[in-house]
Amino acid sequence: MNINNYLYLSAILFTIGAVGVVVRRNAIVVFMCVELMLNAANLTLVTFSRINGTLDGQVVAFFTMVVAACEVVVGLAIIVTIYRSRRSASIDDASLLKR
Amino acid sequence: MQPLLTIQSPETALFWFLAPLAVLAALGMLLVKKAVHSALLLAWVMITLAIFYIAQDALFLGIVQVIVYTGAVMMLFLFILMLVGVDSSDSLTETITGLRPIAITAAVGFGGLLVSLLGHATLGRQAVGLEGANALGNVQGLAELLFSKYVWPFEVVSALLITAALGAMVLAHHQRTNARPTQREQAVNRFRSGSLAGAAGLPGPGVFARHNAVDVPALLPDGTPAPSSISATLKARGDVIDSSQFQLDNVDTTVVEEK
Numbered sequence: 000m001n002i003n004n005y006l007y008l009s010a011i012l013f014t015i016g017a018v019g020v021v022v023r024r025n026a027i028v029v030f031m032c033v034e035l036m037l038n039a040a041n042l043t044l045v046t047f048s049r050i051n052g053t054l055d056g057q058v059v060a061f062f063t064m065v066v067a068a069c070e071v072v073v074g075l076a077i078i079v080t081i082y083r084s085r086r087s088a089s090i091d092d093a094s095l096l097k098r
Numbered sequence: 000m001q002p003l004l005t006i007q008s009p010e011t012a013l014f015w016f017l018a019p020l021a022v023l024a025a026l027g028m029l030l031v032k033k034a035v036h037s038a039l040l041l042a043w044v045m046i047t048l049a050i051f052y053i054a055q056d057a058l059f060l061g062i063v064q065v066i067v068y069t070g071a072v073m074m075l076f077l078f079i080l081m082l083v084g085v086d087s088s089d090s091l092t093e094t095i096t097g098l099r100p101i102a103i104t105a106a107v108g109f110g111g112l113l114v115s116l117l118g119h120a121t122l123g124r125q126a127v128g129l130e131g132a133n134a135l136g137n138v139q140g141l142a143e144l145l146f147s148k149y150v151w152p153f154e155v156v157s158a159l160l161i162t163a164a165l166g167a168m169v170l171a172h173h174q175r176t177n178a179r180p181t182q183r184e185q186a187v188n189r190f191r192s193g194s195l196a197g198a199a200g201l202p203g204p205g206v207f208a209r210h211n212a213v214d215v216p217a218l219l220p221d222g223t224p225a226p227s228s229i230s231a232t233l234k235a236r237g238d239v240i241d242s243s244q245f246q247l248d249n250v251d252t253t254v255v256e257e258k
């Protein structure tokens, strides 16, 4: 097996995540798709770390995980705040800036 | 000269077994209706990725992936799902016309571009593998890098974590702008609202003497079902049973004698 297969897998997962962000309407599902994209990027970093024979890629993937955890905490807090004021977790409903 | 990487056949089998499952789960995440099912499928994708990390000599990241992602992050997602509940945004109908075909076309183009790019790109050398870098152990190697070359990003990330925790607390904090109503005021408001339901309480679910489960709306004196007797969550989930089937006219009351 070629090690590039991991990179292909990560590209496919990243694309699926991107489609999910565009297509789904539930803010929480959109958020989960963002997580999927971050995970796919992490797989690329780990694979390149193995290709290059250094651990730098793994350190960067570790930082990505920390940033993703922060992003989840703040993002979910925003979703809860929006839900509290408008009783909806749909991203189509939060369109006040448009009008 | 570092030894070149050869991928053993167990890893190949693992990849071809798990990678299609991961892609299927990710696709299912887009297609299933309920957000909870999406969350479970995403947890499966994350566990698959953790196995891939461990297979690729990234032991520490594999464990952290399981603990941080499938443990903490997905736990948080499910917790928020429980808090927010189900609503109409779970439906898969498209609100912007033509969004879905455009999104799929763009995704096929983007994915094709990425894959063909990866197919054509060359690093100019063979894959090395991590045996050399992991000679003293994966955790030791990572720690050495983290506390020497990457010590400044490490500190910045710690500041980011504290900021995120503070931000979540600020966002979740709810400041009261008016005084909390006393029990007496609440009682007065209930009677002033004019509806009997407010004063006497909402009717309980269930058709007494025939069916008293929580998923059947109570019957009003005129025989119509009372929608206010059912939890809104059950209604949104579509788990409400029609109470008309418990009306006496519709129930088979013929007695069959046993011989």
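Here the protein sequences come in this chain order: A and B.
Anchor point for the first sequence: position 7 equals 6 in numbering that gives the first Met the number 0, and the numbering is continuous, going up by one each time.
Anchor point for the second sequence: position 21 equals 20 in numbering that gives the first Met the number 0, and the numbering is continuous, going up by one each time.
Ideal Cβ placement from N, Cα and C applies to all residues, glycine included.
Remember, it's a predicted structure, so these values are computed and weren't measured experimentally.
| query | Is the distance from the Cβ of Val45 of chain A to the Cβ of Ala102 of chain B below 7 Å? | reply | no
| query | Skipping 5 residues on each side, what residues in its chain have a beta carbon closer than 7 Å to that of Tyr5 of chain A? | reply | The residues are Leu42 and Thr46.
| Which residues in the same chain as Met0 of chain B place their Cβ atom closer than 8 Å to its Cβ, once the five residues preceding and following it in sequence are excluded? | Because the pLDDT of Met0 of chain B is 42, which lies under 50, any placement of that residue in the model is unreliable, and the question is left without a value.
| query | Would a C-beta distance cut-off of 7 Å place Arg95 of chain A and Ile79 of chain B closer than the cut-off? | reply | Residue identity check: residue 95 of chain A is Leu in the sequence provided, not Arg. No, the Cβ-Cβ distance between Leu95 of chain A and Ile79 of chain B is not below 7 Å.
| field | Contact list for the stretch 46 to 65 of chain A against chain B, Cβ threshold 8 Å | value | Thr46, Ser48, Arg49, Ile50, Asn51, Gly52, Thr53, Leu54, Asp55, Gln57, Val58, Ala60, Phe61, Phe62, Met64 and Val65
| query | What do you get for Pro100 of chain B, buried or exposed, if any count of 16 or more other CB atoms within 10 angstroms of its CB means buried? | reply | exposed
| Residue range of the unbroken alpha helix (DSSP H) whose run includes His259 of chain B | One cannot answer for residue 259 of chain B here, as it falls past the ends of chain B, which runs 0 to 258.
| Taking the alpha carbon of Asn1 of chain A as the point to measure from, which residue in B:Leu30, B:Val255 and B:Gln125 has its own alpha carbon closest? | Considering only alpha carbons, the answer is B:Gln125.
| Proximal chain A residues relative to Ala198 of chain B, where beta-carbon distance stays under 9 Å | Ordered by position in chain A, no residue passes the 9 Å Cβ test against Ala198 of chain B, which lies about 25 Å from the chain.
| said: Threshold first: 4 residues or longer. Then list the alpha helix (DSSP H) segments lying entirely within the stretch 165 to 214 of chain B, N to C. | reply: 182 to 191 and 195 to 199
| said: Run through the DSSP bridge pairs and tell me what Ala217 of chain B is partnered with. | reply: B:Ala225
| field | Three-state secondary structure assigned by DSSP to Ser94 of chain A | value | coil
| task | Pull up the distance between the alpha-carbon of Gly118 of chain B and that of Gly61 of chain B, whole angstroms please. | result | 26 Å
| Within 7 Å (strictly less), CB to CB, does Ala18 of chain B reach chain A? | yes
| message | Less than 7 Å between the beta carbons of Val206 of chain B and Ser242 of chain B, yes or no? | response | One thing to note: Val206 of chain B has its Cβ within 7 Å of the Cβ of Ser242 of chain B.
| task | Assuming Ala235 of chain B and Ser228 of chain B form a contact by the criterion Cβ under 8 Å, report the distance between their Cβ atoms to the nearest whole angstrom. | result | Incorrect: roughly 16 Å between the Cβ atoms, too far for contact.
| said: Applying the 10 Å Cβ sphere with the 16-neighbour rule, what's the burial state of Asn137 of chain B? | reply: buried
| field | C-beta atoms of Val72 of chain A and Ala167 of chain B nearer than 7 Å | value | yes
| Inter-residue spacing [alpha-carbon to alpha-carbon] between Ala277 of chain B and Met36 of chain A | Any question about residue 277 of chain B goes unanswered here, given that chain B covers just 0 to 258.
| query | What residues from chain C crowd round Gln55 of chain B, counting only those whose CB sits closer than 9 Å? | reply | Although the question refers to chain C, the structure presented lacks it and instead comprises the protein chains A and B.
| field | Proximity test, Cβ basis, 7 Å: Ile6 of chain B and chain A | value | yes
| query | If we count the other Cβ atoms within 10 Å of its Cβ and call it buried at 16 or more, is Ile50 of chain A buried or exposed? | reply | buried
| message | Considering Cα atoms alone, identify which of A:Thr14, A:Phe61 and A:Tyr7 is closest to Tyr149 of chain B. | response | A:Phe61
| request: Return the residues of the stretch 126 to 155 of chain B that lie within a Cβ-Cβ distance of less than 7 Å from chain A, sorted by chain order. | output: Ala126, Val127, Gly128, Leu129, Gly131, Ala132, Gly140, Leu141, Leu144, Leu145, Tyr149 and Pro152: these are the residues of the stretch 126 to 155 of chain B whose beta carbon lies less than 7 Å from some beta carbon of chain A, given in chain order.
| message | For Val58 of chain A, count the other beta carbons within 10 Å of its own beta carbon; 16 or more makes it buried, fewer makes it exposed. Which is it? | response | The residue is buried, with at least 16 neighbouring Cβ atoms inside 10 Å.
| Cβ neighbours of Val31 of chain B in the same chain (closer than 8 Å, five flanking residues each side left out) | Excluding residues within five positions, the ones whose Cβ falls inside 8 Å are Ser37 and Leu40.
| request: Output the distance between the C-alpha atoms of Val156 of chain B and Ala163 of chain B, rounded to the nearest integer angstrom. | output: 10 Å
| Asn51 of chain A by DSSP, collapsed to three states: which one? | Reduced to three states, the DSSP call for Asn51 of chain A is helix.
| Distance CB(Thr80 of chain A)-CB(Phe109 of chain B) smaller than 7 Å | no
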